[in-house]
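Heads up: take any position in the sequence shown, counting from 1, add 59, and you land on my numbering.
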Amino acid sequence: MVIQASSPPATNLILIVKNYSGDNNSISSMMFLQYLICILAMPLWLALWQILK
């Protein structure tokens, strides 16, 4: 319970879907895609912030 509470919400979503017998593959692929988008978008937002600063 402590590990689940301290993990990011995205990880909790996968655990909840698994607990309620949902579509694990679909949720996992969506979460993977979101992490990839975040990895690409975060440097762009940081660069924009540095320009506007």
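From the three backbone atoms N, C-alpha and C, an ideal C-beta is built for every residue, glycine too.
Here the structure is a predicted model, which means the values were calculated and not measured.
Could you spell out where the alpha helix (DSSP H) holding residue i opens and where it closes?
i	result
S80	Segment: none, S80 is in no alpha helix (DSSP H) and carries neither H nor E.
Just how far apart, CA to CA, sit residue i and residue j?
i	j	result
Q109	I73	34 Å
P102	D82	32 Å
L92	L107	23 Å
S80	S88	16 Å
M90	W104	20 Å
A69	Y94	10 Å
Which same chain residues end up closer than 8 Å to residue i when comparing Cβ atoms and leaving out the 5 residues on each side of it in sequence?
i	result
I86	L72, I73, V76
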